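Participant: Just dropping this structure here.
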Amino acid sequence: MVGFSERGAGEVSVANGWFPWWQDGPGQDEGYYRRPEYKPEDASRYGRRRIRSGNFAQKFFNTFSTHNAGILQQVQVPVESTLTLSAWVQAWSSQHHDPGTVVEPGNYRVYVGIDPTGGTDWSSPNVVWSEPRMEYNTWIHLQIQAKAKAGTITVFLRGHPEFRTQFNDSYWEDICLTVQRPTPRPTSTPTDTPTPTVSPTPTVSPTATSTPTPAPGSICVSVYEDRNGNGQRDEGENLVSAAVISLLDSNRVELEKYTTDGVNEPHCFHELAAGEYYLQRQNAPGYVSTDPDELVVAVAPGESTDVAFGAKFAPTPTATATATATPTPTATPTPRPILHRVGSAIYGVSGIILAALALLITAGLSLLRKRL
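Numbering (the numbering used here), first residue to last: 1 to 372.
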């Protein structure tokens, strides 16, 4: 996955495909439950003390305050599949600036969680959390299992220091979601019916039968205008045209590309062999995403999976042209008038585009890999 991107503020830079979350208060005036800063931990700048593999980790932290916060991502999976989420994390909590020491730590606890219903509220009783761990300056492996109750589930990473200290930091890497498909229900075996004894007949060799080829599946996609930005399509939210959807195989090789017209969606990618695929969305001009731009979709034989991307219209502000005074012509004794060609300059003010860092994360916070 490519780099990190800012999310509304320079101090909130999150790995692409993930979204930040945090608890607001109570006690913010006293330094409790504040929004943390989110930054990439870059091995080329800060060394490898907080890097487990690759060159980057996702860092979030506070100074002299606490947080209950993290990042989340939604993933589409088969209903009733067994999910295993794992992650590696290193916490540092200390009153001293030396990163190799831990002085009066703030009881920094770390967790991973799954909402099997696909909700994005960390405080929901639907979220299944791992047991909290509280260790410092060492890599901790966290893991939790759950069973999917919907076609979309949500995974959470969470850090929660109890006390204010000078440094309350956590660093996250190598997140993995394993999806085990539900076992097909066995068909009932017919009861044997006694048959009369007959005279033996010559044995006939059975005719070989061919193994049926699994039926292909499909993925059907659309992009809708998420006017209220809640991440789901509500009544009155229309389709969006001019968005580009790319279908990639499990090796990230592009198979097809489709541009929406806002009328004929959902558009279906047909004849897909069972397996794992990536969908990538490029927004239409003037729109910003309200959900991840990249998803992993598991295709089952003979099944169709619907995927709807949300986008909110955010028009680019245009500068108002300032009137320029026209100079009053001055008469000259020249008998012929002189024509003056006046060039006019037009200036446009574009919106600020929060671009992702063009840096390849070779390991660590990549989009969740799923094993079928």
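Every residue, glycine too, gets a C-beta built ideally from N, C-alpha and C.
Predicted model, so just to flag it, every value in this text is computed and none were measured.
Using the C-alpha atoms, what's the distance from Glu-276 back to Asn-251?
Facilitator: 9 Å
Participant: Would you mind giving the Cβ-Cβ distance between Glu-6 and Glu-37, rounded to the nearest angstrom? I have them listed as a contact below 8 Å.
Facilitator: In this structure, Glu-6 and Glu-37 do not form a Cβ contact; the two beta carbons are roughly 11 Å apart against a cut-off of 8 Å.
Participant: What are the partner residues of Ile-219, as DSSP defines its beta bridges?
Facilitator: Phe-269 and Thr-305
Participant: Using 7 Å as the threshold, is the C-beta distance between Pro-214 and Glu-271 below it?
Facilitator: Not closer than 7 Å, so no.
Participant: Would DSSP call Ser-5 helix, strand or coil?
Facilitator: Ser-5 falls in the strand class under three-state DSSP.
Participant: Quick check on the burial criterion: 16 or more other C-beta atoms within 10 angstroms. Buried or exposed for Gly-17?
Facilitator: buried
Participant: From what residue to what residue does the alpha helix (DSSP H) around Tyr-46 run?
Facilitator: In this chain, the alpha helix (DSSP H) harbouring Tyr-46 covers 43–46.
Participant: Helix or strand or just coil, what does DSSP make of Asp-291?
Facilitator: coil
Participant: Please list, in chain order, all residues of the same chain as Val-244 whose beta carbon is under 6 Å from its beta carbon, the five residues on each side excluded.
Facilitator: If we look at Val-244 and ignore the five residues flanking it on each side, its Cβ neighbours are Thr-259 and Gln-282.
Participant: Restricting to Cα atoms, I'd like to know which of Gln-180, Glu-225, Glu-237 and Glu-265 is closest to Val-299.
Facilitator: Gln-180
Participant: Is Pro-41 buried or exposed, if buried means 16 or more other CB atoms sit within 10 Å of its CB?
Facilitator: A small correction: the amino acid at residue 41 is Glu; Pro does not occupy that position in the sequence shown. With 16 or more Cβ atoms within 10 Å of its Cβ, Glu-41 is classed as buried.
Participant: Buried or exposed: Arg-49, going by 16 or more other Cβ atoms within 10 Å of its Cβ?
Facilitator: Its Cβ having fewer than 16 others within 10 Å, Arg-49 is exposed.
Participant: Is it right to say Gln-390 is buried, meaning 16 or more other beta carbons lie within 10 angstroms of its own, or is it exposed?
Facilitator: A question about residue 390 goes unanswered here, because the residues of the chain that appear run from 1 up to 372.
Participant: Skipping 5 residues on each side, what residues in its chain have a beta carbon closer than 7 Å to that of Ser-218?
Facilitator: Cys-268, Phe-269, His-270, Leu-272 and Ser-304
Participant: Quick one: using the 10 Å Cβ neighbour count with 16 as the cut-off for buried, is Glu-131 buried or exposed?
Facilitator: Glu-131 sits exposed, since fewer than 16 C-beta atoms from the chains shown fall within 10 Å of its C-beta.
Participant: Alpha carbon to alpha carbon, how far is Leu-295 from Phe-167? Give it in angstroms, no decimals.
Facilitator: 34 Å
Participant: Within its chain, find whatever has a CB closer than 6 Å to the CB of Ile-338; leave out the 5 residues flanking it on each side and keep chain order.
Facilitator: Confidence at Ile-338 is low in this model, with a pLDDT of 28, below 50, so the placement of that residue is unreliable and no value is reported for it.
Participant: Alpha carbon to alpha carbon, how far is Thr-248 from Gly-262?
Facilitator: Looking at the sequence itself, residue 248 is Leu, so the reference to Thr does not match. Looking at the two C-alpha atoms, the distance is approximately 22 Å.
Participant: Using a 10 Å radius around the Cβ and a threshold of 16 neighbouring Cβ atoms, would you call Val-103 buried or exposed?
Facilitator: exposed
Participant: Buried or exposed: which applies to Phe-60, given that a residue is buried once 16 or more other Cβ atoms fall within 10 Å of its Cβ?
Facilitator: By the beta-carbon neighbour count (other beta carbons within 10 angstroms, threshold 16), Phe-60 is buried.
Participant: So, for Glu-173: in the same chain, excluding its five sequence neighbours on each side, which residues have a beta-carbon less than 6 Å away from its beta-carbon?
Facilitator: The residues are Arg-52, Ala-57, Trp-88 and Gly-364.
Participant: Where Ser-44 and Glu-237 are concerned, what is the direct C-alpha to C-alpha distance, given to the nearest angstrom?
Facilitator: 45 Å
Participant: In the DSSP output, what is Thr-82 paired with across the bridge?
Facilitator: According to DSSP, Thr-82 bridges with Lys-147 and Gln-180.
Participant: Buried or exposed, going by whether 16 or more other CB atoms sit within 10 Å of the CB of Thr-138?
Facilitator: Classification for Thr-138: exposed.
Participant: Below 8 Å on the Cβ atoms is my guess for Leu-72 versus Leu-177; work out the distance and round it to an integer in Å.
Facilitator: Going by Cβ atoms, the distance from Leu-72 to Leu-177 rounds to 12 Å, so no, they are not a contact pair.
Participant: How would you call Ala-311, buried or exposed, if buried means at least 16 neighbouring beta carbons within 10 angstroms?
Facilitator: buried
Participant: Quick check on Asp-24: does DSSP put it in helix, strand or coil?
Facilitator: If DSSP states are grouped into helix, strand and coil, Asp-24 belongs with coil.
Participant: Within its chain, find whatever has a CB closer than 8 Å to the CB of Gly-119; leave out the 5 residues flanking it on each side and keep chain order.
Facilitator: Asn-126, Val-127 and Thr-154
Participant: Taking Tyr-387 and Ser-170 to be in contact with their CB atoms under 8 Å, please state how far apart those CB atoms are, rounded to whole angstroms.
Facilitator: Within the shown structure, residues of the chain are numbered from 1 to 372, placing residue 387 beyond reach of any answer.
Participant: Any idea if His-96 is buried or exposed, counting beta-carbon neighbours within 10 angstroms, 16 or more meaning buried?
Facilitator: Counting other Cβ atoms within 10 Å of its Cβ, His-96 stays below 16 and is therefore classed as exposed.
Participant: Taking 8 Å as the limit between beta carbons, can you name the residues of its chain near Ala-150, skipping five residues before and five after?
Facilitator: Val-79, Pro-116, Thr-117 and Gly-118
Participant: Do you know offhand how far Gln-145's Cα is from Trp-129's?
Facilitator: 9 Å
Participant: How should Asp-24 be labelled, buried or exposed, when 16 other C-beta atoms within 10 angstroms of its C-beta is the threshold for buried?
Facilitator: Classification of Asp-24: exposed, given that the 10 Å Cβ count is below 16.
Participant: Please report the straight-line C-alpha distance between Val-77 and Ile-114, rounded to a whole angstrom.
Facilitator: 13 Å
Participant: Can you tell me whether Val-297 is buried or exposed? The criterion is at least 16 other CB atoms within 10 Å of its CB, across all chains shown.
Facilitator: buried
Participant: Could you have a look at Glu-162 and say whether DSSP puts it in helix, strand or coil?
Facilitator: coil
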